[in-house]
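Asks: In full-length UniProt numbering, the protein residues as written are 1 to 303.
Virtual Cβ for every residue (Gly too), placed ideally from N, Cα, C.
No experiment lies behind these values; they were computed from the predicted model shown.
Below you'll find the structure I mean.
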């Protein structure tokens, strides 16, 4: 545990990576601890994730070479003496010996990191060795891979919540088309890049691909049209109705006297440069609108 504490001190002195890929109120994401991974991109925050979690809560990351790690540990001398019970100069030199012995060898020290957004992340991290010497061109057991770097980018990815527009907006009527589309101001592409500086990088991109419409009732009460394109079809006088709902019965007998119309935006996910031969499910986020539907009243005049 002493070496773990010193390791935490080493990484606490490192620059803080911009962005952590996590948002309060979401059920998933990544909150990297003791990590050198930098997460950047337009897909961080300002939207919603879909619950994707990385599979492994902790891992080793490549760190300093032999000389660099020795210098770092020597610089942490005062910290080591504060944290080590019964610390003596002899014990400190014994601690440094593992780093001195590697000076002049090709290779790198790998150190553990974890995902604090995972309940098992800290316990997993505590089960790893604080330092692992790795020869060049190899990865230690539990060492991070490009596939896992892609997973971290995927877990950090968020997309905008759909801003649903309807026509008619306030109230619809039986057999009257209710057009559905998304507010045109939103992004249609979002990406996240996870990088271990100087080693490897992975980018995941989500592209708005289409809409799915749930009218909030059964097929005998609503006809759904989903030829919507990526953003739906804004109402245009004389245009063909291809995206939206035609309600066939009034909503007066429904709870709260409205239909709960849900529009889900579907974002296809791709890995840039196909660094990993893996296909992700789309990111899907929805928004619900209340739609009161009334009967068209006709007036019969006597002759």
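Within 7 Å: the Cβ of residue 205 and any heavy atom of the ligand COA?
Replies: Absence of the ligand COA is noted for the structure shown, with no ligands found whatsoever.
Asks: Just to confirm before moving on: does the CB-CB distance between residue 57 and residue 143 stay below 8 Å?
Replies: No, Cβ-Cβ distance for residue 57 and residue 143 is not below 8 Å.
Asks: Less than 8 Å between the C-beta atoms of residue 266 and residue 212, yes or no?
Replies: Yes, the pair counts as a contact, with Cβ atoms nearer than the cut-off.
Asks: Going by DSSP, what residues sit across from residue 62 in a beta bridge?
Replies: Per DSSP, 110.
Asks: Three Cβ pairs or more, each shorter than 8 Å: is that satisfied between the segment 240-247 and the segment 162-178?
Replies: Yes, the segment 240-247 is in contact with the segment 162-178.
Asks: Please report how far the alpha carbon of residue 156 lies from the alpha carbon of residue 205, in whole angstroms.
Replies: So the two alpha carbons sit approximately 11 Å from each other.
Asks: With DSSP collapsed to three states, give me the class of residue 208.
Replies: In this structure, residue 208 counts as strand in the three-state DSSP scheme.
Asks: Since residue 283 sits in a beta bridge, which residues does DSSP pair it with?
Replies: DSSP, once it has assigned bridges, lists 267 as partnering residue 283.
Asks: Excluding the 5 residues flanking residue 290 on each side, which residues of the same chain have their C-beta closer than 8 Å to its C-beta?
Replies: Once the five neighbours on either side are set aside, the close Cβ partners of residue 290 are 256, 258, 259, 260 and 261.
Asks: What's the call for residue 131, buried or exposed, on a 16-neighbour Cβ count within 10 Å?
Replies: Flag for residue 131 reads buried.
Asks: Looking only at DSSP bridge pairs, what is residue 167 linked to?
Replies: Beta-bridge pairing links residue 167 to 179.
Asks: Consult DSSP for residue 98 and reduce its assignment to one of helix, strand or coil.
Replies: Reduced to three states, the DSSP call for residue 98 is helix.
Asks: In the DSSP output, what is residue 225 paired with across the bridge?
Replies: Answer is 244.
Asks: Taking the alpha carbon of residue 304 as the reference point, which residue from 44, 234, 117 and 145 has its own alpha carbon closest?
Replies: With the chain running from 1 to 303 in the structure shown, residue 304 is simply not present.
Asks: Out of curiosity, what's the CA-to-CA distance linking residue 61 and residue 162?
Replies: One C-alpha to the other measures close to 37 Å.
Asks: Assuming residue 215 contacts residue 251 under a Cβ cut-off of 8 Å, what Cβ separation, rounded to an integer in Å, is found between them?
Replies: About 11 Å separates the two Cβ atoms, so there is no contact after all.
Asks: So if DSSP puts residue 133 in a beta bridge, which residue, or which two residues, is it bridged to?
Replies: 109, per the DSSP bridge assignment.
Asks: Taking the alpha carbon of residue 35 as the point to measure from, which residue in 110, 29, 89 and 159 has its own alpha carbon closest?
Replies: Taking only the C-alpha atoms, the option nearest residue 35 is 110.
Asks: Between residue 238 and chain C, is the shortest Cβ-Cβ distance under 8 Å, so that the two count as touching?
Replies: Of the chains in the structure shown, none is chain C; there is only one protein chain.
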